[in-house]
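Below is one structure, written out as structure tokens; comments come after it.
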Amino acid sequence: MDRGIPIFRRWVPGWAIKIILFSLILPTLVLFFLPFGNINAAAGYYGSEPADIQFAVALFYAGYIAFYSLERRFFNFLAAKEYFIIFTMLELLTTLVCYLTNDLYILFPIRFFQGMLFSSTVNLSLSLMFTRLHSERAREISFSVFFGMLICILPFTNLVTADLIDSYNFNLVYKGALFSYLPCLCLIMLCMNNVRLNARFHLYKLDWQSFVFWSIMLTLLGYISIYGQEYYWLDDARIYYSVAAMIVSTLIYIVRQRGLKRPYLHLGIFRFRNFKFAAFLILILYICRFAVNITNSFFTGVLKLDPIHVSYINSCNLGGLIIGIIISGAMILQKKNIRFIWFPGFILLLAFHVIMFFLFATEANEKNFYAPLFMQGIGVGMIMVPTIVYAISAVPVAIGPSATSICSTMGYVGFCVSAAIINFCELYEKSRHYNAFQDHLTKVDRFALHALATRGTELLSKGLSLKQASKGANKQLVGAVNQQIQIRFAMDYYEMMSMMLVATLLLIALFPYLNRTAVYLRSRRLVPA
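Here numbering that gives the first Met the number 0 is used: the first residue of the sequence shown is 0, the next is one more, and so on.
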């Protein structure tokens, strides 16, 4: 880059630059977990089931991870201004298609492509945000901002879209994103100079083959994890052939990487013990992170809260995430022992799961959930960034970008594993508890008879006929059983997560090599990719 010419015009102040770039990132961030803003509304709009909406999110995530390494070639080939213009125009086009269509077969490939564009936009925006800073502190802040935004996407999206989705059609948010991109694009064309961040590196020998195999692996992993339990895993031909195709793609990919002079991802990073341990912790973190979706289902299914109130409750989680990220960033800059960061974070996560285990009930005051969700946010915020920095610090500088890509991949794997476990528990555990309740719901069971009589009397007192009261009492009893099944499933899952977190804390306490890696970044590269 020619350092004599600034990237932005001299009359643009620094604070305005950051606002412009963040305004460009914001609609892209909202699109990431947009279907989770109201999964039932999304499923109704597309005429699909909730699993299809989960897969749409997984495709966006897979596109982002798959393009993570290839994006750096385009980053080095294009000037910053034309890079922004091209990818912002493509984002406008894909968002317009999402706004106009309600066909899943069109939505799925568009979501994958949007994930690729997300990788490009976010990486370049963050690079420009911190381009004037070259100190070690700037590198830690860059990583804290990038990965902090990733873990804040879900509660932030719920907060800003819940009211719109509940009041209007689901696709109105796509229309809002369209209008959000336009002023940012105009400001970038007006304020930026046509300069390069790096020397021009042509796109010859572009390793698109590795990108294809990597994309197939990630997409099939998401498909198997989300639909596996519904289709009875390998008993279904779709899951069986998907597993076979994923294994074949993985083997081809590994053999290909070993034979390349410049591999897509340096598999040598798995020789470093500390990196493998950090990648494992990221996997555990993401499995626990998405357990909050069960809490949201409990709010809507048992406590009967509408999505708007659920988003307000989750704002406590968002606040905790921001505070946790700030705390962990300060501790990284002070070069604190990594155990002093991980232990409080995982203990807070464990406390959240244990407290929620006892709070699951058919009736509850929503204020009781503020503190646990805030604790969960602080715990995740304290763990995420230090673990990424620890993982990247554990490998040589030259393969740092591959380490970052694998860390992001482990987050995606955690998302998929979490979806697979939740779907398994939801379908299998609910069935088990339903059968257990059904053993007692007979015409001779005195508790069932008492419940039916009580509910029938209440309905009769409200003016219903005897026949209507009898039907209403049976319907209310079935609804009460379904609520109990939902609660028991949530308790079982959180009990499982609690045991996993206890094992993780013991592993951190006993792992003997944690103090042998300095928790700071030795590379001067400011871009997370």
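Beta carbons: idealized from backbone N, C-alpha and C, even for Gly.
Open item on the list: Let's test the definition: count the other Cβ atoms within 10 Å of the Cβ of R272 and tell me whether it reaches 16, buried, or not, exposed.
Closed with: exposed
Open item on the list: Any beta carbon of chain B sitting closer than 8 Å to that of F510?
Closed with: Annotation note: the requested chain B is absent from the structure, which comprises a single protein chain.
Task: Option in D165, L123, F112 with minimal Cα separation from V211 - done: F112
Task: For F271, the three-state DSSP class (helix, strand or coil) - done: coil
- [ ] Tell me, to the nearest whole angstrom, how far the beta carbon of L177 is from that of T94; I am working on the premise that it is less than 8 Å.
- [x] 5 Å
Task: Candidates A277, N192, Y231, L264: closest to I507 by CA position - done: A277
Task: M191 - partner residues in DSSP beta bridges - done: F7
Open item on the list: Going by DSSP in three states, E362 sits in which element: helix, strand or coil?
Closed with: coil
Open item on the list: Three or more C-beta pairs under 8 Å: does that hold for the segment 298-310 against the segment 477-496?
Closed with: yes
- [ ] Return the first residue and the last residue of the alpha helix (DSSP H) that E229 is part of.
- [x] Looking at the DSSP string, E229 is not in any alpha helix (DSSP H), and its letter there is neither H nor E.
Open item on the list: Count Cβ pairs between the segment 173-193 and the segment 307-326 that sit closer than 8 Å; are there 3 or more?
Closed with: no
Task: Backbone CA spacing between P26 and L58 [nearest angstrom] - done: 18 Å
- [ ] Between the Cα of Y226 and those of L30, I420, I164, spot the shortest distance and give me the residue it belongs to.
- [x] I420
Open item on the list: Counting C-beta neighbours from all protein chains within 10 Å, is the total for S430 16 or more, i.e. buried, or is it exposed?
Closed with: exposed
Open item on the list: Under 8 Å, with one C-beta from each stretch per pair, do the segment 56-71 and the segment 152-163 reach the 3-pair mark?
Closed with: no
- [ ] State whether the segment 357-366 contacts the segment 393-404, with contact taken as three or more CB pairs (one from each stretch) at a distance under 8 Å.
- [x] no
Open item on the list: Y263 and N168 - do their beta-carbons sit closer together than 8 Å?
Closed with: no
Task: Distance CB(F7)-CB(C185) smaller than 8 Å - done: no
- [ ] Using the Cα positions of T516 and V242, report the straight-line distance between them to the nearest angstrom.
- [x] Unreliable placement is indicated for T516, whose pLDDT of 49 sits below 50; the coordinate value is still reported in the next sentence. So the alpha carbons of these two residues sit roughly 37 Å apart.
- [ ] Answer with buried or exposed for I253, where buried requires no fewer than 16 other C-beta atoms within 10 angstroms of its C-beta.
- [x] exposed
Open item on the list: I'd like to check one pair, L91 with Y180: are the Cβ atoms closer than 8 Å?
Closed with: yes
- [ ] Can you tell me which of the three DSSP states D1 falls into?
- [x] At D1, the pLDDT of 43 sits below 50, so the modelled position is not reliable and the matter cannot be decided from this model.
TODO: Would you kindly work out how many angstroms separate the C-alpha atoms of Y82 and L280, rounded to a whole number?
DONE: 35 Å
Task: Buried or exposed by the 16-neighbour rule on C-beta atoms within 10 Å, applied to T218 - done: buried
Open item on the list: Tell me which residue opens and which closes the alpha helix (DSSP H) that F373 is part of.
Closed with: 369-392
Task: Straight-line Cα distance separating I24 from K17 - done: 11 Å
TODO: Decide yes or no for the touch test of the segment 374-381 against the segment 334-348: beta carbon pairs closer than 8 Å, at least 3 of them.
DONE: yes
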